[in-house]
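This report refers to the structure that appears directly beneath it.
In our numbering, the protein residues as written are 74 to 322.
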């Protein structure tokens, strides 16, 4: 399992004052010193955290360190004011990975995956985006019954929405935790059978990450909010090391 660190919350804090503190560049460089896969960014039309210009300059920083950039977003988000459109960002930045999520700009965070009824729309956008990336991933719910219905030839990865798992884990009830782990295992095996890379993310933290590591089915996790929150107590670099210690066993 690899770790991709989401820096949205650093950008959110920076934007609260309209200056360049905390420095996104500084924290990107600090993160990339560690044995992580790379960085994840999610530019949104309201520019609440990551801005398009952040994507372009961070791509160079990531690639200079030999790491990988993952850009999340909704392909249906078109040009608006200073937001050029998600597809346009991908076409200019050409990151290693793009992760397509079906949320809209009013959502606080991504909270659901693509549905089979959206297959045609997803396929059309996948055809447009895939020539610009090596890995094209789609955000899916862990209880998706027939993953193959969502997959087109241009899609070669999934990201499992782990929000329900995190909520179950927080209850401490082993039956609920077990149910969610079985769902994650089932969809991971579906993805493997389809030849897809398996990613996961949402509300993962130091308390609930280890059971996913033990499944030995997930190639990459994307974690942002918890890392930044833990950093307020333990410091950024120490926090990253704590996550890597769990991931590496």
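Backbone N, C-alpha and C define an ideal beta-carbon position, used for all residues, glycine too. None of the values given here were measured: they were computed from a predicted structure.
Span separating the alpha-carbon of residue i from that of residue j
i: residue 148; j: residue 210; result: 12 Å
i: residue 141; j: residue 167; result: 11 Å
i: residue 86; j: residue 101; result: 14 Å
i: residue 119; j: residue 156; result: 8 Å
i: residue 81; j: residue 298; result: 8 Å
i: residue 245; j: residue 309; result: 28 Å
i: residue 238; j: residue 90; result: 34 Å
i: residue 266; j: residue 93; result: 45 Å
i: residue 193; j: residue 78; result: 31 Å
Extent of the continuous beta strand (DSSP E) to which residue i belongs
i: residue 272; result: 270-274
i: residue 304; result: Looking at the DSSP string, residue 304 is not in any beta strand (DSSP E); the run it does join, the alpha helix (DSSP H), is 298-307.
i: residue 75; result: 75-79
i: residue 282; result: Here residue 282 belongs to no beta strand (DSSP E), and DSSP marks it neither H nor E.
One or two residues paired with residue i in a DSSP bridge
i: residue 210; result: 172 and 230
i: residue 156; result: 153
i: residue 144; result: 114 and 171
i: residue 295; result: 77 and 274
Range of the contiguous alpha helix (DSSP H) that encloses residue i
i: residue 251; result: 247-266
i: residue 236; result: 236-244
i: residue 196; result: 192-202
i: residue 98; result: 97-105
i: residue 134; result: 125-137
Contact set for residue i: own chain, Cβ-Cβ below 7 Å, skip 5 residues either direction
i: residue 304; result: 312
i: residue 208; result: 169, 170, 229, 230 and 270
i: residue 227; result: 199, 200, 203 and 209
i: residue 250; result: 241 and 242
i: residue 263; result: 220
i: residue 132; result: 142, 166 and 168
Cβ shell of residue i (< 8 Å), same chain only, five flanking positions each side left out
i: residue 105; result: 111, 112, 134, 135, 138 and 140
i: residue 129; result: 165 and 166
i: residue 320; result: 74, 75, 76, 282, 286 and 294
i: residue 95; result: 83, 86 and 87
Cβ-based neighbour list, residue i, same chain, cut-off 6 Å, excluding 5 preceding and 5 following
i: residue 145; result: 115, 172 and 174
i: residue 296; result: 277
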